[in-house]
Every structure is written in C-alpha cells, then in structure tokens.
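The next block holds one structure in the form of structure tokens; read it before the comments.
Numbering (my numbering), first residue to last: 970 to 1102.
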C-alpha cells in the first residue's frame, strides 16, 4: 500500500515495483504485461509477484486467441521500450498503460494486442444478457 500512496502523492495512477534483483515485478495493485512483436510477456511467479486471478485469465485467453505468451524476467528499461503495455486486476480488469513518467508507451494509445485482449476479456466476464430476457 505504501507504493500506491507514493504513486497518488506523485499524481499518477500506479507505481511500478521491482523485485530484489531490480527486475520488473508488478505494479502496486496490479500485474503488468508487455507486448513486443505480438508476443505477450509478463514477469513469472518466481519474480516475487502476487499471481492475480485476472492475470491467469488473461494468460489463458491469450493462449486461446493464439497470442504467444512468455513468463520471464523483464528489465525495467524494457518497459520504456515496449510497443504495448497493460495492467490487470479484478477491479480495473485490463487497463492500457499509455504513459510512464510522462513518456508515451508505444504510440501512447492502446494498441492491437491490448485492444483485442480487452474486447475478448469483456465478452468473457460480461456475456450478453439478450438471451436471458
């Protein structure tokens, strides 16, 4: 919670947390994903993250959609060079990460892999209610 408080004090939504090796771990209240060349990457559980339910659903959904995924060590500088990034947790679901320290991530807008996962995640957790009426 201290990281979240520091983020709010700095006027940002989230704080990026590193593990004891200085590698990307997670955000203060969410898991983090990067996308480069269509490959979805996220720190593995051995990085010290709290494995979230939404994270697991996104990894499974990506697999179903044919998106290659890697759980691996990620250096902080890779976050600043990534084409796409997003955060996940149960409340915000999938939130595009469009800016870090005032610098745009990729184009500064949600990109294709992120948008595709967002749309399919929404279908999964909020199925159409038209058949219920």
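Cβ coordinates follow ideal geometry from the N, Cα and C atoms, glycine included.
Please name the residue in the options whose C-alpha comes closest to that of residue i.
| i | options | result |
| --- | --- | --- |
| residue 1048 | 1063, 1095, 1067 | 1067 |
| residue 1061 | 1069, 992, 991, 1023 | 1023 |
| residue 984 | 996, 1096, 1081, 1003 | 996 |
For residue i, is the classification buried or exposed, using 16 other Cβ atoms within 10 angstroms of its Cβ as the cut-off for buried?
| i | result |
| --- | --- |
| residue 1094 | exposed |
| residue 1088 | exposed |
| residue 1079 | buried |
Give me the Cβ distance between residue i and residue j, rounded to the nearest whole Å; I'm assuming they're in contact under 8 Å.
| i | j | result |
| --- | --- | --- |
| residue 999 | residue 1056 | 4 Å |
| residue 1034 | residue 1085 | 7 Å |
| residue 1077 | residue 1037 | About 24 Å separates the two Cβ atoms, so there is no contact after all. |
Identify, in the order they occur along the chain, each residue of the same chain with its Cβ nearer than 7 Å to the Cβ of residue i, setting aside the five sequence neighbours on each side.
| i | result |
| --- | --- |
| residue 994 | 986, 987, 988, 1012, 1016, 1017, 1018 |
| residue 1005 | 1051, 1052 |
Ordered along the chain, which non-local residues of its own chain (more than five positions away) have a Cβ less than 8 Å from that of residue i?
| i | result |
| --- | --- |
| residue 1021 | 999, 1000, 1057, 1058, 1059 |
| residue 1063 | 1023, 1027, 1055, 1056, 1057, 1083, 1086, 1087, 1090 |
Quick one: what's got a C-beta closer than 6 Å to residue i's C-beta in the same chain, skipping five residues either side?
| i | result |
| --- | --- |
| residue 1083 | 1053, 1055, 1065 |
Segment contact, 8 Å Cβ cut-off, at least three pairs: the segment 1035-1044 with the segment 1054-1073: no
Stretch-stretch touch, CB-based, cutoff 8 Å, three pairs: the segment 1028-1036 with the segment 1051-1060: no
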